[in-house]
Every structure is written in C-alpha cells, then in structure tokens.
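Each residue of the sequence shown is one higher than the one before, starting from 2 at the first, in the numbering used here.
Virtual Cβ for every residue (Gly too), placed ideally from N, Cα, C.
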Amino acid sequence: MSKKQPTLLEKLQFRGTWWLPERPDNKVFGQLTFDPDDGILLEADGLLSSSDQAFGNVSFKPDIILGLSLEGKPCTLWRNFRQEIQLRSSGVHSQVFRYHFLFLGEQFASSDDLLFRFVSVRFTNLEAWVGWKPFDDQIGDPRKNKPRSLTMRRLRKLRFPVPCIDASISIAPHMTANQEFLSRQWTHFDVVRFTPKKRQHIDWFFDVVHHFSNLLCLFTHQTLFQIRLVGCTRSERMKQLGGKLIPNEIEIYGSQAHVAPVKQLAPPQIPFRFGHVRRQFRKALQQWFSNRAKYDSVYDLYFFSFYNTKLGVEFQFLSLVQATEALHRAIRPGKYLPEDKYQKYASVLAGALPKDTPPDLKAALKSRIKYGNEHSLRKRLLQMLGSLSADARGLICADYKQFVNRVVDTRNYLTHYDKSLKAAALDMIGMLGACYRLRRLLTIFLLKDIGLAEGVVCDVISSHKRFEIPESVKGEAQQRHGP
C-alpha cells in the first residue's frame, strides 16, 4: 500500500527539537503546527534566544529556525513575521513564533542557501485541464469467456522550454496504487515541474509558480490552489536501485490566501483545456512570462476578483475597471500627443497659473496637467471594444457605447461619491452584470495576447457554462433608480 502524501490543504502537527543556526548548542523542545488558513506556528518550550534578546529587544525576529522532528526529519522555518513570549503557570518561559514557510526534509543555515534545482507542484483540477485519459477500460463478454480488463495507458511527459525565464516547464503524469486483499485502487495525478538552467533561489520559484498558477486560472476561469509543493536541491545515488540518481524531496509549506473547498471537475467543465491551446502552448508560456512585468498590475487586479469571492460588488467592479484601464495602458500608448510635444503645452499651462495661487491648489492643478495627456477611461474602453469584431463585442454588450457610458459614470460615482453623479450610476444588479461583462472583455484580450485566435476564444465564451451571465443580471447595464 502506498503511503499517503501530505498536502498543503490539510493540517500538519509534530514535535521536535529547535534551535537557531548561530546557537546549535541551545536546543529546546517545541510543537510545530501548520494550518492552511492560519499558517505556521512554532510553540517552543523554552527560550531559543538569550534572555537579553528575548526581553530587551522586541524586534528580535530570527529569519531562520532549524529543527529536527521526533521522527528524525530535518526542518527549516523561514521568514518570521511575529514573535511572542509567554510565561506559563509553571514559571517556565516559552516563545511562540509565526513563520511564512516551512521546509521539511532539509536544514538551511541561511536564506542564501535556499537554492533549488527544481520545484514540482500539484494544482487542484490540473488533471481536468490537461485532460489525459489514464485508463483503458475494456468491457468483457462472459458468454465468450472474455473478462473485463482495466489497463493503465502509457502517458508521456510534456516539456516546454521558456527562454525568457531561462527555464523549462514540464507536465508529467504520476500514479499511486493501493492494494488490499479484496480491492485495488489506482489514482492518476499530474505534476508541473519548474526547472531553471541553473540553481535558483526559492523566491524565484515562488514567483514563477505564482504566474503559472494565474495562467491556469485564466484557462480554467476558476480559482486554483497548490496541493503539494516539493523542491530538490541535490540528487543522491541509491545502491538499492543500481546506483540510480534520485532527487531529494523537500516538502515546502506555506499558507495560501483565500483557500476554499475545491470541487473535483471533469475535463468538459474546463473552458480552455490543454487540448484547446496545445499547439500554441509553448508560445503562450513565453508570451505570458515575457509580459509579467508589463502586465503585473493587470494580473493582480484581474485575478484578485477570482480569489476574493466575498468581496463586495462595488470593489469587484472597481478592480475590474482598473484592470481594464491598466491593460489598455500596457498595450497602447494611450496618449493624445507624443510626450515631448505635450511637455510644451504642459509647461505653458503650468506657467499660466496666477502667482497668488494657493500652494495646495497649485499642486493639485499641476498634477492634473501632468496626467492631462493620458486618455480618459471612456476613450480607453471605447478603443478596446472598438478593436474587437462585432461578434466579440456582442458577447460583452449589445450597445457598447452605452455600456461604456454606464461603466464610466459608475466608476466616477464610486470614486468621488458625488450625489450629483448617483442618478447616472449603475445599481447593484447592474454593477454585478458589468462585472461579468468586464471579465469577458479582459479574458478575450489576455487570451488573444498569448496567441489564441479571437474566433476560438469567442466560440468557447459563447458556449461554455463558466462564462454564463445569470439571467437576473443579464439585461443591459441598469441605471440607479430613486435617490
């Protein structure tokens, strides 16, 4: 029977000895707890630091604590963000530490030592997106003495070079088996491996994994979470396996924001499966990672609305409007004049301010002049919608000019809360409908940018349930009614 693998979606707790790298002679017992929602907590039965450090320096936050579990597993805690000192009823002092990350399987003396050869990640519903069929089920015929058979298909690992990050990303099939006297269970799962050409610091991997996860979120149109994160720093020869090199496995734990129960999906429930993008996937990866600096604010705002499901409608609306504005700014100049020509006008306007203009007013006016060359939100939205085909625009709204007016009026009201703007702003239902439409607009542009044809994107959006707009908000943007 195969051993159950630990996951980042379950609690973990164990006891062991703990010490600071610079004080290996001062070891204390303590209990470590990992909670997917609450993060990593170490309760040390004693003082890891000296009394002077503990009580005289409230800013004492050791970047690294080393440990050894009672089962003999080496550990490293990294990036402390809180420390408390407690006095128990027995009169013994203890320290409580909160950390961002736990490395289970290796001890790193300093942050600079956190260099990895590769990192492998399991994501929720990755298998549904990849769409591999791991089993071949042949129904037998008892009349012809042909038994039913279930066989595992041989699936090949997929590898994609990504030159812009000097690394490769591969997707590999895996299988676990549980065998008992009266039952057999095979479980297929997929793993994504990130392999740079040279060792990289763990922060590099966290950044790359984060951006890849966002790409999967764009394809699946739903939240994804990491199930397991495993790193490798070296390989060892195993005599039992004929001298084969086996990579060491370091389990990496860290809390994930907004973790929620995830329903296991089937491939048809994923809108843009790997099969849709297989031919363009290498180009898509290169383009996605090449654009991460340019589109950073776009990605943050767009995916923010996916993971913050309890966010109020007004905040969802504003984040999607900001994402749309940021996307236009990234893909188009968005200027009325070349900057050098505009500066001539800006200088004249700034110089025309009366000498007795109050300082605060002068600063405010100069700020408006500084950004006066940038297109307004209205113009940006009109340009984006106008650049799409009639079919694509039809997936977003029937009258795109009216839609733009409603969105801009609502943004202005939510930004300034001027009562004179309230009548023109959308009501709550209208705002929710606008959120669905803005997300469609952003999805079309982001998928086109990484190489998918507009027609293919529109076909999926128009037919897939994940992009359905609820009937209750399906009408065109509605204005507020009443005061």
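Q) For the segment 19-49, which segments carrying the beta strand (DSSP E) assignment without a break, of at least 3 residues, lie completely within its bounds, in sequence order? A) Runs of the beta strand (DSSP E) inside the segment 19-49: 29-36, 40-45.
Q: Could you tell me if Val231 is buried or exposed, where buried requires 16 or more neighbouring beta carbons within 10 angstroms of its beta carbon?
A: Position 230 of the sequence shown, counted from the start, is the residue given in the question as residue 231. Burial check for Val231: the Cβ neighbour count within 10 Å reaches 16 or more, so the residue is buried.
Q: Locate the alpha helix (DSSP H) running through Glu512, then write down its first and last residues.
A: The displayed coordinates of the chain run from 2 to 484. Any statement about residue 512 would go beyond what the structure contains.
Q. Start and end of the alpha helix (DSSP H) containing Glu128?
A. Position 127 of the sequence shown, counted from the first residue, corresponds to residue 128. First-last of the alpha helix (DSSP H) with Glu128: 127-131.
Q. Among Lys420, Thr411, Gly456, which residue has its Cα nearest to the Cα of Gly395?
A. The count along the sequence shown starts at 1 and reaches residue 395 at position 394. The option with the nearest alpha carbon to Gly395 is Gly456.
Q | Extent of the continuous beta strand (DSSP E) to which Ile66 belongs | A | Residue mapping note: residue 66 aligns to position 65 of the sequence shown, counting from 1. From DSSP, the beta strand (DSSP E) with Ile66 extends over 65-70.
Q: Please classify Thr444: does DSSP put it in a helix, a strand, or coil?
A: Here residue 444 refers to the residue found at position 443 when the sequence shown is read from its first residue. Residue state, collapsed to three classes: helix.
Q) Do you know how far the Cα of Lys147 is from the Cα of Trp130? A) Numbered from 1 along the sequence shown, position 129 holds the residue referred to as residue 130. Numbered from 1 along the sequence shown, position 146 holds the residue referred to as residue 147. If you take the alpha carbons of Trp130 and Lys147, they lie about 34 Å apart.
Q: Can you tell me which of Ile271, Ile470, Thr152 puts its alpha carbon nearest to the alpha carbon of Trp187?
A: Taking the first residue of the sequence shown as position 1, residue 187 is located at position 186. Minimum Cα distance to Trp187 is reached at Thr152.
Q | Through-space distance from Ile66 to Asp53, alpha-carbon basis | A | Position 52 of the sequence shown, counted from the start, is the residue given in the question as residue 53. Position 65 of the sequence shown, counted from the start, is the residue given in the question as residue 66. Because the pLDDT at Asp53 is just 45, under 50, the model does not fix this residue reliably, and the value given afterwards should be weighed accordingly. Taking the straight line from one Cα to the other gives about 18 Å.
Q | Three-state secondary structure (DSSP) of Ile251 | A | As a first step, residue 251 must be located in the sequence shown, where it is residue number 250. Ile251 falls in the strand class under three-state DSSP.
Q.
So for Ile172, helix, strand or coil by DSSP?
A. Position 171 of the sequence shown, counted from the first residue, corresponds to residue 172. Strand, per DSSP.
Q: Run the CB neighbour count on Ser485, radius 10 Å, all protein chains shown included, and call it buried at 16 or more, exposed below.
A: Only positions 2 to 484 of the chain appear in the structure, and residue 485 is not among them; the question remains open.
Q) Using a C-beta cutoff of 7 Å, does Arg80 count as contacting chain C? A) Given the protein chain composition of this structure (a single chain), no chain C is represented.
Q.
Let's test the definition: count the other Cβ atoms within 10 Å of the Cβ of Pro174 and tell me whether it reaches 16, buried, or not, exposed.
A. Locating residue 174 in the sequence shown gives position 173, where the first residue counts as 1. It is buried - the Cβ of Pro174 has at least 16 other Cβ atoms within 10 Å.
Q: Answer yes if the segment 107-119 comes into contact with the segment 267-280, meaning at least three C-beta pairs across the two stretches below 8 Å, and no otherwise.
A: no
Q. Leaving out the 5 sequence neighbours to the left and right, which residues in its chain are closer than 6 Å to Trp289 when beta-carbon positions are compared?
A. What you label residue 289 is simply residue 288 of the sequence shown in a count that begins at 1. Cβ within range, chain order: Leu216, Ile451.
**Q.** Boundaries (first-last residue) of the alpha helix (DSSP H) holding Leu115
**A.** Counting from one through the sequence shown, the residue named residue 115 turns up at place 114. Per DSSP, Leu115 belongs to no alpha helix (DSSP H) and is neither H nor E.
Q) Under three-state DSSP, which class holds Tyr100? A) Taking the first residue of the sequence shown as 1, we reach residue 100 at position 99. Three-state DSSP puts Tyr100 in a strand.
Q: For my contact list, Leu319 and Leu442 are in at a C-beta cut-off of 8 Å; report their separation, rounded to the angstrom.
A: Numbered from its first residue, the sequence shown carries residue 319 at position 318. Numbered from its first residue, the sequence shown carries residue 442 at position 441. No, Leu319 and Leu442 are not in contact; Cβ-Cβ is about 15 Å, not under 8 Å.
(Q) Here's the rule: buried if 16 or more other CB atoms are within 10 angstroms of the residue's CB, otherwise exposed. What is Gly57? (A) Start at 1 with the first residue of the sequence shown, and residue 57 comes out as number 56. With a pLDDT of 47 at Gly57, under the threshold of 50, the modelled position of that residue is not reliable, and the figure given next carries that caveat. In the assembly as shown, Gly57 is an exposed residue. Its beta-carbon has fewer than 16 other beta-carbons within 10 Å.
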